[in-house]
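Novice:
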Amino acid sequence: KYLQNFPRGLHALKANFYLAQSLFSENNHQETIPYFNFVIAQQQNEFTESALSRLALVYLENNNWQKAIPILERLENEGDLPQNKTFAQSNLMKGYYENKNYSKAVDYAEMVLRNSKLEDPIKSDAHIIIARSAIKANDETKARNAYKAVENIASGELKAEALYYDAYFENKDGSYRVSNQIVQKIASDYSAYKYWGAKGLLLMAKNFNKLNDAYQATYILESVIKNFSEFKDVTEQATIELNKIKTEQAKTNESVKN
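Using my numbering, count along the sequence shown one by one with no gaps and you end on 407.
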């Protein structure tokens, strides 16, 4: 009855928004899409910002970046609430990264980090986006700094990833024993994150090979190939490294014979 007192356009706008809100509160998130889309298709109004934030959330729940990014861009530009702008910017950095637009991902991550009121999980996300983008772009200096920042504030899998790259850069610097100590920390403290454990062991094998311990390197590589078959990228690299060591050993044995 209340809605009947409004002009038709406003009636439809309110009806769509409140229906979408009702469906959302009942966890029927997918069903809200046409109604929120109706609201945001109208001239900017009192419901636009709420509809944009809810619709973005629905798309993000399904990792639908193609639909989410334009909505997040509108929310960033049209939203007034600081929390909505932070929500938009922090997810835009992830969306651009997923779309391999690494320079834009870094721009947004750096923008997010300028917010002094950020909670640590969002800071970790921003630093990890910068770090991963820098790795993709072969910008080692930026990657080192970003991963060190992640290591200082992250926990769980992100911490394991940051520690792996700490070991990785120690390897690149020729600090093979230090690198191995970090890998051992990953194995002991973050064993739940098997991917980073497997990559750490691969790195450890490379370290031992550089330390002229081909026996230990071979043992570790064979163990990685045997026990981490679910990580194809790691086992393929381990196989390559193992073949290289065997080739080097064969050359050494041949020279000894001669």
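All residues carry an ideal CB built from backbone N, CA and C; glycine is no exception.
With 9 Å set as the bound, which would you pick, yes or no: does the beta-carbon of residue 299 sit closer than that to a beta-carbon of chain C?
Specialist: Of the protein chains in the structure, only one exists, and it is not chain C.
Novice: In whole angstroms, what is the alpha-carbon distance linking residue 252 and residue 345?
Specialist: For the purposes of this step, residue 252 is taken as residue 103 along the sequence shown, with counting starting at 1. For the purposes of this step, residue 345 is taken as residue 196 along the sequence shown, with counting starting at 1. Taking the straight line from one Cα to the other gives about 26 Å.
Novice: Could you check what DSSP says for residue 396 in three-state terms: helix, strand or coil?
Specialist: Taking the first residue of the sequence shown as 1, we reach residue 396 at position 247. Three-state result, residue 396: helix.
Novice: Measuring only the C-alpha atoms, how far is residue 326 from residue 260?
Specialist: Position 177 of the sequence shown, counting from 1, holds the residue named residue 326. Position 111 of the sequence shown, counting from 1, holds the residue named residue 260. Approximately 37 Å, taken between the alpha carbons.
Novice: On the CB-based measure, 16 or more other CB atoms within 10 Å of its CB, does residue 266 come out buried or exposed?
Specialist: To locate residue 266, count along the sequence shown from 1; it is residue 117. So residue 266 ends up on the exposed side.
Novice: Under the rule that 16 or more other beta-carbon atoms within 10 Å means buried, what is residue 152, buried or exposed?
Specialist: Position 3 of the sequence shown, counted from the first residue, corresponds to residue 152. Confidence is the limiting factor: at residue 152 the pLDDT is only 43, short of 50, which leaves the residue's position unreliable, though a coordinate-based value still follows. Exposed: under 16 other Cβ atoms inside 10 Å.
Novice: Which same chain residues end up closer than 6 Å to residue 339 when comparing Cβ atoms and leaving out the 5 residues on each side of it in sequence?
Specialist: For the purposes of this step, residue 339 is identified with residue 190 of the sequence shown, where counting begins at 1. Counting only Cβ-Cβ distances below 6 Å, and skipping sequence neighbours, we find 309.
Novice: Sorted by chain position, which residues of the same chain lie with C-beta nearer than 6 Å to residue 255's C-beta, five sequence neighbours on each side aside?
Specialist: Position 106 of the sequence shown holds residue 255. Correct list, in chain order: 279, 282.
Novice: Going by DSSP in three states, residue 388 sits in which element: helix, strand or coil?
Specialist: Looking up residue 388 in the sequence shown gives position 239. In this structure, residue 388 counts as helix in the three-state DSSP scheme.
Novice: Smallest Cα separation from residue 117: which of 288, 223, 209?
Specialist: The displayed coordinates of the chain run from 150 to 407. Any statement about residue 117 would go beyond what the structure contains.
Novice: In the structure shown, what three-state DSSP assignment does residue 186 receive?
Specialist: Start at 1 with the first residue of the sequence shown, and residue 186 comes out as number 37. Helix, per DSSP.
Novice: Taking contact to mean 3 or more Cβ pairs, one atom from each stretch, closer than 8 Å, check whether the segment 386 to 397 and the segment 351 to 363 are in contact.
Specialist: Touching, yes, given that three or more Cβ pairs across the two stretches are closer than 8 Å.
Novice: What are the boundary residues of the alpha helix (DSSP H) that includes residue 434?
Specialist: What is shown of the chain runs 150 to 407, which leaves residue 434 out entirely.
Novice: Given residue 317, which residues of its chain have a CB within under 8 Å of its CB, disregarding the five upstream and five downstream residues?
Specialist: Position 168 of the sequence shown, counted from the start, is the residue given in the question as residue 317. Here the set comprises 328, 352.
Novice: What do you reckon, are the CB atoms on residue 185 and residue 201 nearer than 9 Å?
Specialist: As a working mapping, residue 185 is identified with position 36 in the sequence shown. As a working mapping, residue 201 is identified with position 52 in the sequence shown. Contact flag set, yes.
Novice: Quick check on the burial criterion: 16 or more other C-beta atoms within 10 angstroms. Buried or exposed for residue 397?
Specialist: Along the sequence shown, read from residue 1 onward, the residue named residue 397 stands at position 248. With fewer than 16 Cβ atoms within 10 Å of its Cβ, residue 397 is classed as exposed.
Novice: Could you check if residue 240 is buried or exposed, using at least 16 other CB atoms within 10 Å of its CB as the buried criterion?
Specialist: For the purposes of this step, residue 240 is identified with residue 91 of the sequence shown, where counting begins at 1. Classification of residue 240: buried, given that the 10 Å Cβ count is 16 or more.
Novice: Alpha carbon to alpha carbon, what distance is there between residue 169 and residue 160?
Specialist: The count along the sequence shown starts at 1 and reaches residue 160 at position 11. The count along the sequence shown starts at 1 and reaches residue 169 at position 20. Residue 160 and residue 169: Cα-Cα distance of roughly 14 Å.
Novice: By Cβ distance below 8 Å, which residues in the same chain neighbour residue 172 in space, the five residues on each side in sequence not counted?
Specialist: Position 23 of the sequence shown, counted from the start, is the residue given in the question as residue 172. The residues are 178, 180, 181, 184.
Novice: Take residue 191 and list the residues in its own chain whose beta-carbon comes closer than 7 Å to its own, dropping the five residues that flank it on each side.
Specialist: On the sequence shown, residue 191 is found 42 positions in, with the first residue counted as 1. Taken in chain order, the residues that qualify are 162.
Novice: Between which two residues does the alpha helix (DSSP H) carrying residue 198 extend?
Specialist: On the sequence shown, residue 198 is found 49 positions in, with the first residue counted as 1. Element bounds for residue 198: 197 to 210.
Novice: Taking the straight line between their C-alpha atoms, what separation do you get for residue 337 and residue 257?
Specialist: Looking up residue 337 in the sequence shown gives position 188. Looking up residue 257 in the sequence shown gives position 108. Roughly 35 Å between the two C-alpha positions.
Novice: Could you spell out where the alpha helix (DSSP H) holding residue 181 opens and where it closes?
Specialist: Stepping through the sequence shown from its first residue, residue 181 is reached at position 32. No alpha helix (DSSP H) contains residue 181, which DSSP labels as neither H nor E.
Novice: Exposed or buried, residue 386, counting other C-beta atoms within 10 Å across all chains shown (16 or more means buried)?
Specialist: Position 237 of the sequence shown, counting from 1, holds the residue named residue 386. That one is buried.
Novice: Alpha carbon to alpha carbon, what distance is there between residue 303 and residue 233?
Specialist: Position 84 of the sequence shown holds residue 233. Position 154 of the sequence shown holds residue 303. If I take the Cα positions, the gap works out to 24 Å.
Novice: Go to residue 222, then tell me how far its alpha helix (DSSP H) extends in each direction, as first and last residue.
Specialist: In the sequence shown, the residue the question calls residue 222 occupies position 73. Where residue 222 is concerned, the enclosing alpha helix (DSSP H) stretches over 214 to 227.
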